[in-house]
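Chemist: In UniProt numbering, the protein residues as written are 1 to 339.
Sharing a structure here in structure tokens format.
Have a look at this one:
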């Protein structure tokens, strides 16, 4: 919202809203034809505040980001994305009152987004508590085992860590013999994708090809989670067991939870196992929380309603010409402000 100020000789100030320059005047106008016109523009846009908040969250300055969101919500109280972020980041700083109020408001405005916000908060909390383990686990229900890609050599060969992830996934597949297995990863090298190489390794090592589902278009953990969620939703599967590396499992678990999938168990390689054994405290969770919001489709930035390069001309010209005529008419009639 752009506001234009008019200052009079008698020190009376009237504010005109640019969006309502054809009819809204705030204040009382003096019944005098003598006035001096000056102009100033102040740009206030919820999207600008939203973007500032997102930048601060990414930088780890959560309190400042929450302050920006609070201001954005004053201007736009029904902004679902801002409410979702307010709940998610209030959880980061353990502000239960603000988080609960945001979720309650969001549940009325956008119940689906409120559910997503809860999934992110619960998912980050659960992911942060994961202690990586190389031991396969039997899981009840109807889960899918998801093996996350790692990368291929320029020749299209699996990296050693990818082979370790595949071996971990294979061990879990033996523990849950009825579970489908998703291999996820794009990033083709030498004409083959990670997923294709992963499927070949599994079938070469005794896994029936009919158990394997291929997701071969993703190039990031965020996309791994998003694309796998769609693949499994088509099959009515909502529970997953993740197979990846110890330094990746918490981020992956938070991302998959953000899609609405339930991470019921995980298995990892032994790479740097001890180094990643300690659960993440709250002050170390900002990175996985940021990425989880991206996975859920909450935008990192939004386009301001009135970009700065499209603000009205507040020098001699448009505002003085149009606004001045309006003011002159009101002054001559001695009108009071109103609608």
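Cβ atoms here follow ideal geometry from the backbone N, Cα and C, with glycine treated the same way.
#1: Using the DSSP secondary-structure output, state which residues sit across from residue 239 in a beta bridge.
#2: Give me the Cα-Cα distance between residue 239 and residue 143, rounded to the nearest whole angstrom.
#3: Let's test the definition: count the other Cβ atoms within 10 Å of the Cβ of residue 297 and tell me whether it reaches 16, buried, or not, exposed.
#4: Please classify residue 56: is it buried, with 16 or more other beta-carbons within 10 angstroms of its beta-carbon, or exposed?
#5: Which residue comes first and which comes last in the alpha helix (DSSP H) that contains residue 135?
#6: Answer yes or no: do residue 281 and residue 128 have a C-beta to C-beta separation smaller than 9 Å?
#7: Report the rounded CA-to-CA distance for residue 187 versus residue 159, giving the unit in angstroms.
#8: Could you check if residue 181 is buried or exposed, using at least 16 other CB atoms within 10 Å of its CB as the buried criterion?
#9: Under a three-way DSSP split, which group does residue 249 fall into?
#10: Taking all protein chains shown into account, do 16 or more other C-beta atoms lie within 10 angstroms of the C-beta of residue 350, making it buried, or fewer, making it exposed?
#11: Going by DSSP in three states, residue 158 sits in which element: helix, strand or coil?
#12: Here's the rule I'm using: 16 or more other beta-carbon atoms within 10 Å means buried, otherwise exposed. How should residue 283 be labelled?
#13: Report yes if the C-beta distance between residue 154 and residue 268 is below 9 Å; otherwise report no.
#14: Would you kindly work out how many angstroms separate the C-alpha atoms of residue 17 and residue 106, rounded to a whole number?
#15: Does DSSP put residue 228 in a helix, a strand or coil?
#16: Could you give the uninterrupted runs of the alpha helix (DSSP H) lying entirely in the segment 43-73, keeping only those of 4 residues or more?
Modeler: Per the coordinate set shown:
#1: Looking at the DSSP assignment, residue 239 forms a beta bridge with 262.
#2: 5 Å
#3: exposed
#4: buried
#5: Here residue 135 belongs to no alpha helix (DSSP H), and DSSP marks it neither H nor E.
#6: At the C-beta level, residue 281 and residue 128 come within 9 Å of one another.
#7: 13 Å
#8: buried
#9: helix
#10: No answer is possible for residue 350: it lies beyond the span of the chain, which begins at 1 and ends at 339.
#11: strand
#12: exposed
#13: no
#14: Any reading at residue 17 needs caution, since the residue's pLDDT is 37, under 50, leaving its predicted position unreliable; the model's value is listed next. For residue 17 and residue 106, the distance between alpha carbons rounds to 29 Å.
#15: helix
#16: 46-59
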